[in-house]
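Q: Numbering (the UniProt record's numbering), first residue to last: 1 to 277.
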Ligand SMILES: O=C[C@H](O)[C@@H](O)CC(=O)C(=O)O
Ligand SMILES: [Zn+2]
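1. Residues with a Cβ closer than 5 Å to any heavy atom of ligand 1, in chain order?
2. With a threshold of 8 Å, are at least 3 pairs of Cβ atoms found where one atom belongs to the segment 150 to 163 and the other to the segment 103 to 116?
3. On the CB-based measure, 16 or more other CB atoms within 10 Å of its CB, does residue 28 come out buried or exposed?
4. Mind checking who residue 273 pairs with in its DSSP beta bridge?
5. Give the DSSP bridge partners of residue 139, in chain order.
6. Are there any heavy atoms of ligand 3 lying less than 8 Å away from the beta-carbon of residue 221, as far as the coordinates show?
7. My guess is that residue 273 and residue 197 are in contact by the Cβ rule of under 8 Å, so how many angstroms apart are they, rounded?
8. Given a threshold of 16 other Cβ atoms within 10 Å of its Cβ, counted over all protein chains shown, does residue 40 qualify as buried or as exposed?
9. What separation, rounded to the nearest whole angstrom, lies between the Cα atoms of residue 176 and residue 258?
10. Can you list, in chain order, the residues of its chain with a C-beta nearer than 6 Å to that of residue 9? Leave out the 5 residues immediately preceding and following it.
11. Excluding the 5 residues preceding and the 5 following residue 31 in the sequence, name in chain order all residues of the same chain whose CB lies nearer than 7 Å to its CB.
12. Beta carbon of residue 268: closer than 8 Å to some heavy atom of ligand 2?
13. Going by alpha carbons, who is nearest to residue 64 out of 2, 53, 47 and 78?
14. Is residue 258 near ligand 2 - that is, is its Cβ less than 8 Å away from at least one heavy atom of it?
15. Return yes when the Cβ of residue 78 is within less than 9 Å of the Cβ of residue 310, no when it is not.
16. Short check: CB of residue 163 to CB of residue 134, under 9 Å?
17. Check residue 128 in the structure and name its three-state DSSP category.
18. Checking 9 Å against the spacing of the C-beta atoms, do residue 168 and residue 26 come in under that value?
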């Protein structure tokens with residue numbers, strides 16, 4: 001497991017492109033038959049992926065990684081499948097998780113195994129895990145069961161549908177909040193006007209993006225914005241003090257996830273358009 005430390009905004013102001021990418025950009029989420037994990041010290045969120053192709057992928061850890069005997073001993077997990085049909089087996093109970101479906105796995109689950117239904121169309125499980133000191137029930141949510149709503153408009157090129165899976169009013173968790181936003185064709189902007197939430201960090205994972213398209217992800221303090229170029233199926237870490245927004249050369253979908261002091265989706269400090277620099 002890769003470990004990244006947290007960054008101070010005064011230091012980040014000095015970063016060049018390579019350093020910004022090294023600290024915040026996660027270029028590889030899926031590798032065949034592997035579990036890829038990045039632990040950031042921003043609220044100790046883990047961002048990663050499991051991509052079972054020719055064999056199942058097991059959620060493992062060792063004493064050096066988390067200092068526990070099994071991964072979810074003191075953590076909870078959110079999973080969204082962005083690939084072919086698959087399933088997640090949690091302590092012997094199998095949950096079929098199809099494209100854009102979500103599984104929450106509560107603290108204390110000992111054995112978590114990721115499976116693909118068809119190796120020609122492997123499942124791609126995007127993963128987020130946060131520390132948890134209380135167990136909540138393992139729960140699957142389909143797109144139709146999620147709390148969804150329309151946001152934005154075509155005149156601002158940000159017509160999109162938001163799906164909230166794990167949040168205060170949905171699937172219960174200790175601190176993890178997770179959902180997915182799908183942009184309509186012709187809409188390129190997410191989360192503009194932008195916001196920060198000093199009470200929670202956030203991670204974005206961009207997908208449904210053609211190979212020859214990119215997203216300029218925007219980060220930084222509102223008066224010190226920077227960009228990180230994103231390709232399909234890549235993630236980016238947003239510290240609590242940073243905006244997180246983006247504009248693509250094509251429409252796309254992204255998964256957002258947060259960890260921190262509360263689970264209130266609407267707890268955001270809006271940044272006025274005229275404040276941005
Ligand atoms: O704190 C919440 C997050 O930044 C996202 O949910 C924003 C988002 O999905 C969007 O505007 O499209
Ligand atoms: Zn946010």
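Positions of the beta carbon are idealized from the N, C-alpha and C atoms, including for glycine.
A: Answer, in terms of the structure:
1. One residue list follows from the rule of a beta carbon closer than 5 Å to any heavy atom of ligand 1, given in chain order as 181, 190, 191 and 256.
2. no
3. Classification of residue 28: exposed, given that the 10 Å Cβ count is below 16.
4. In DSSP, residue 273 forms no bridge with anything.
5. 104
6. In terms of ligand content, the structure shown lacks ligand 3 and carries ligand 1 and ligand 2 instead.
7. 18 Å between Cβ atoms; not a contact.
8. buried
9. 6 Å
10. 221 and 241
11. 51
12. At least one heavy atom of ligand 2 is nearer than 8 Å to the Cβ of residue 268, so yes.
13. For residue 64, the nearest C-alpha among the options comes from 2.
14. yes
15. No information on residue 310 is available, as it lies outside the stretch 1 to 277 that the chain covers here.
16. No; because the gap between Cβ atoms is not below 9 Å, this pair is not in contact.
17. strand
18. Contact flag unset, no.
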